[in-house]
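Under mature numbering (1 follows the signal peptide of the UniProt record, and there is no 0), the letters of the sequence shown match residues -19 to -1, 1 to 638, in that order.
Some notes on the structure that comes next.
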Amino acid sequence: MFRPRAYSLLLWAAYIIYTDNCLVTANTLNYNTERMNEREKLYEQAMAAKNGHPGLFNGNVKKALSIFDMLIAKNSTDYVAKKCGYQLGEWYIIGVPKFKPWKKTYDHNFDKSIHYLSISAKLGDPRSNYLLSFIYHMISLFELENPLSPHNSNSLKNPNKIVNTCVADTNTGTGGFSNFGGGNSKFFMKKNNKDNKLGLLFNHLQIAAELGDVMALSTIGYRFLCSNTSGTKSDPRNSSNYYKKATKIILSGKDGLTPTYTLEAQLPVAILNDENIHLVPIYGSKSDIESSMDYWQHKAMKGDALAQYELAKLHDDDKQAEQLLAMAADKSHAPALRDLALVYLSRNKVEQAIKLLTKAADLGDADAATILAYILLRGNVRVKKLDTSNPSIQMGIKYLLMACRQNVPDALFLLAEIMSFKGKFGDAKWLYERSGDAGFIQSIWVMAHFHQSRGEYLKNCFDLKLIADSSPSVAKYIHLGFKLLSETNYSGSLMCFLIASYQGSLIGQLNSAYLCKLVRSNKIKLDKINLETLEFYLLLQALMQGSNYALYSIANIFNESDTGKALEIYKKSFLYGDCRSILPLVKQFHRTGETDKAIELLQFYNNKLKRMKINFIGDILKDGGHIFRHYANKFKISFILKLLHMKKKIELIINKS
């Protein structure tokens, strides 16, 4: 028999139970949210204590360490614990500051780093897996027998074999350590051998790559590109696959801000040496910024357009910066006109921006001409025939050709795009190459596809590698390395460059090798690292990439034990165009009584110096941008002739178009 009252009471009871459960669930969610908010605030406090504030305070190391440890404790498995594990692990690699009464030192502790990174790696952090792989790589270098170590007598028997193998075509097999990896793809797929450091190295590297870490993908690509000492050939096709995955992530912006130029083209000082180490810029020093502002402020008040422009770049206040730019622009200062136009573009005031850019371009600003060409020709590049009756297209072509005549890489790329859609593929290819030589990423990407379509996987790999080496992840460690170097933290700078060198960065390898020498000279000891062996290893890795710049340093290392073998490498270095090898050769010829050869070399050296006067080269490079920077770095006078030839070629293409 149906009882309405009993049924309503049952419904009421069910409703009370349901609302109670909802309240419990809501309270639990609120508690968890509040707890996470508290943990996030603590994490931000720890990061502030770790990094400090430039010019205000240097941070509090003890406070940062205690907060990080507290957030990781009690088996926390949230994303805050994951971030803390990564931060602590990376910090112990680069170096935790230790303050002593007489000096400041840094604690580089691989064991502690492994502990913290393992916590984060278990929670699925790809960066932690990559850094764990790096640590096991560093440890394995000194635990396993290294056949090309300078301390191994077998490696010194035939330096020609080492140098010839490294400089030769990568496809024939190159020098390196036997534990460096190689072209066997099955080797990377094994997730065993967990009892040894080498097995752990590849396990963590593979996990990081599977999680989409750009540096891990690039590292595996680099290992396939460079073969090992057992004679295994490199595998450019497999290497290309990994580099392609890495570059797609970089160009999609998932790794950070997509780079426009390669890292070498962006850096004021790329490769360190005794002559340029004092030029390393000081990063983020508030006192230096304030002193610079005081200097420009005095001149800006007198109406100096350059001072107003420079002061605008230093200002944190956007309104004041814009006012200063407007004041400099009123005096027809071309860079100020260009930058003010960019401000208007960000506000969608296109017509005002075009007026300012036109004025700047007419004053000779090549960057303004390039931006103007991109604006006016948008949507009209990838067509077989441009509508030259359109005034805006006529204007766009005019400024594009103006920028191309000044060898602006972005403009050369745009002209190459136009040529390729007009069917002039030979001219387009040449322009893509010139733009890529200057480090323009989009041109390098196009050339990589071109080489792949022709089955030239080795060239394809090196093109993709240039993009991978310029990723925000790699740039972070390169910039941090220069920043720490400017603070005279040589060991921390070395560790940053070493992380980049593990990925295959040539800048990282050459700078790490230089810093090994600098750290040794400052009598800084690093746990589990033999700096002499490491320097030799890094130079060989650079040589495997075709960097003849490393030959001179390798010859210096051999010179300490066997001058005869060093002489052979000095000769090879000189033949590849490195003038630094001339003076050691002159000394050696003088010792052996070969005076004629010594005098001939000295005459050649003096003549070359006369032709390479600093002002002359400065003028040439000012016209040509950074296109043949690598020729200048290798001390080759022929880059001037190539630059002049390039200008003639551009004029020829422009006239044809």
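Backbone N, C-alpha and C fix where the C-beta goes; we use that ideal spot for every residue, glycine too.
Computed from a predicted structure; not experimentally measured.
_Cα-Cα separation, Ile378 to Arg359_ = Cα to Cα, Ile378 sits roughly 11 Å from Arg359.
*Measure from the C-beta of Lys403 to each C-beta in chain B and report whether the shortest distance is under 9 Å.*
Of the protein chains in this structure there is only one, and it is not chain B.
*Helix, strand or coil: how does DSSP classify Thr200 here?*
Note: Thr200 maps to helix in three-state DSSP.
*Using DSSP with H/G/I as helix, E/B as strand and the rest coil, what is Tyr325?*
Three-state DSSP puts Tyr325 in a helix.
*Could you name the residues that DSSP lists as bridge partners for Phe555?*
Phe555 pairs with nothing; no bridge assigned.
*May I ask which residues mark the beginning and end of the alpha helix (DSSP H) holding Leu478?*
Looking at the sequence provided, one finds Phe at residue 478 rather than Leu. Membership of Phe478 in the alpha helix (DSSP H) is indicated by the continuous run Tyr471 to Gln484.
*Considering only residues of the same chain and omitting the five flanking positions on each side of Leu323, which have a CB-CB separation below 8 Å?*
Here the set comprises Ala334 and Ile352.
*Quick one: using the 10 Å Cβ neighbour count with 16 as the cut-off for buried, is Ile116 buried or exposed?*
Residue environment: Ile116 is assigned as buried (16 or more neighbouring CB atoms within 10 Å of its CB, all protein chains considered).
*Can you give me the Cβ contacts of Leu583 inside the same chain, cut-off strictly under 7 Å, excluding the 5 residues immediately before and after it?*
Hits under 7 Å: Val567.
*Give me the Cβ distance between Arg108 and Asp50, rounded to the nearest whole Å; I'm assuming they're in contact under 8 Å.*
No, Arg108 and Asp50 are not in contact; Cβ-Cβ is about 20 Å, not under 8 Å.
*Between the beta-carbon of Leu381 and the beta-carbon of Ala409, is there less than 9 Å?*
Contact flag unset, no.
*Buried or exposed for Leu633, please, with buried defined as at least 16 other CB atoms from any protein chain shown within 10 angstroms of its CB.*
Within a 10 Å sphere around the beta-carbon of Leu633 sit fewer than 16 other beta-carbons, which makes this residue exposed.
*Sort Ala531, Arg561, Arg572 and Ala523 by Cα distance to Gly545 and report the nearest one.*
Answer by Cα proximity: Arg572.
*Straight-line gap, Phe406 to Met400 (C-alpha atoms, nearest Å)*: About 7 Å.
*Taking the C-alpha atoms as reference points, what is the distance between Leu532 and Phe555?*
Taking the straight line joining both Cα atoms gives about 9 Å.
*For Tyr242 versus Ala397, is the C-beta distance shorter than 9 Å?*
Contact annotation: Tyr242 and Ala397 have beta-carbon atoms that are not nearer than 9 Å.
*Okay, do the stretch 413 to 428 and the stretch 387 to 397 touch, 3+ Cβ pairs below 8 Å being the bar?*
Between the stretch 413 to 428 and the stretch 387 to 397 there are three or more C-beta pairs closer than 8 Å, enough to call the two in contact.
_For Gly473, which residues in the same chain have their Cβ closer than 7 Å to its Cβ, ignoring the five residues on either side in sequence?_
Same-chain partners within the cutoff: Ile75, Gly76, Tyr87 and Leu465.
*What residues in its chain sit with their C-beta under 6 Å from that of Ala310, if we drop five residues either side in the sequence?*
Counting only Cβ-Cβ distances below 6 Å, and skipping sequence neighbours, we find Ala317, Leu318 and Leu321.
*Measure the beta-carbon distance from Asn422 to Ile459 and round it to whole angstroms, keeping in mind my assumption that it falls under 8 Å.*
According to the sequence shown, residue 422 is Ile rather than Asn. Contact doesn't hold; Cβ gap of about 16 Å is too wide.
*On the premise that Tyr471 lies in contact with Asn503, defined as a C-beta separation below 8 Å, what is that separation, rounded to the nearest angstrom?*
Approximately 6 Å separates the beta-carbon atoms of Asn503 and Tyr471; this is inside 8 Å, confirming the contact.
*Quick one: grab the DSSP three-state call for Lys280.*
Secondary structure at Lys280: helix, using DSSP grouped into helix, strand and coil.
*If I'm right that Gly489 touches Lys446 with Cβ under 8 Å, what's the distance once you round it to whole angstroms?*
About 13 Å; that fails the 8 Å criterion.
*asked:* DSSP three-state label for residue 649, please.
replied: This structure does not reach residue 649, given that the chain is present from -19 up to 638, and the question cannot be answered.
*Start-to-end residues for the beta strand (DSSP E) that takes in Lys88*: Checking the sequence shown, residue 88 turns out to be Asp, not Lys. Run containing Asp88: Lys85 to Asp88, per the beta strand (DSSP E) assignment.
_Between the CA atoms of Tyr438 and Asp216 - distance to the nearest angstrom_ = In this structure, the alpha-carbon of Asp216 lies about 9 Å from that of Tyr438.
*asked:* Here's a check: name, in chain order, each residue in its chain whose Cβ is nearer than 7 Å to the Cβ of Ala384, leaving out the five neighbours to either side.
replied: The residues are Ala347, Ala350, Thr351, Ala354 and Ala392.
*In the structure shown, what three-state DSSP assignment does Val77 receive?*
Looking at Val77 - three-state DSSP - the assignment turns out to be strand.
*Out of curiosity, what's the CA-to-CA distance linking Ala315 and Ser101?*
Just so you know, the alpha carbons of Ala315 and Ser101 end up roughly 50 Å apart.
*Rank Asp299, Lys312, Lys294 and Asp297 by C-alpha distance to the C-alpha of Gly284 and give the top, closest one.*
Of the listed residues, the one whose Cα sits closest to Gly284 is Lys312.
*asked:* Using a Cβ-Cβ cutoff of less than 7 Å, which residues in the same chain neighbour Lys178 once the five nearest sequence positions on both sides are dropped?
replied: Only Tyr117, Ile120, Ser121 and Glu124 meet the Cβ criterion.
*Pick from Ser467, Ser434 and Leu479: whose alpha carbon is nearest that of His259?*
Of the listed residues, the one whose Cα sits closest to His259 is Ser467.
*Quick one: what's got a C-beta closer than 6 Å to Ala197's C-beta in the same chain, skipping five residues either side?*
Only Tyr111, Leu186, Ala189 and Ala190 meet the Cβ criterion.
_Selection from Leu507, Leu306 and Leu46 that minimises the alpha carbon distance to Glu291_ = Of the listed residues, the one whose Cα sits closest to Glu291 is Leu306.
_Own chain, CB closer than 8 Å to Ile374, minus 5 neighbours either side, in chain order_ = Counting only Cβ-Cβ distances below 8 Å, and skipping sequence neighbours, we find Leu357, Leu358, Asn361, Leu367 and Asp368.
*From Ala227 to Leu192, what distance separates their C-alpha atoms?*
Those two C-alpha atoms are separated by around 12 Å.
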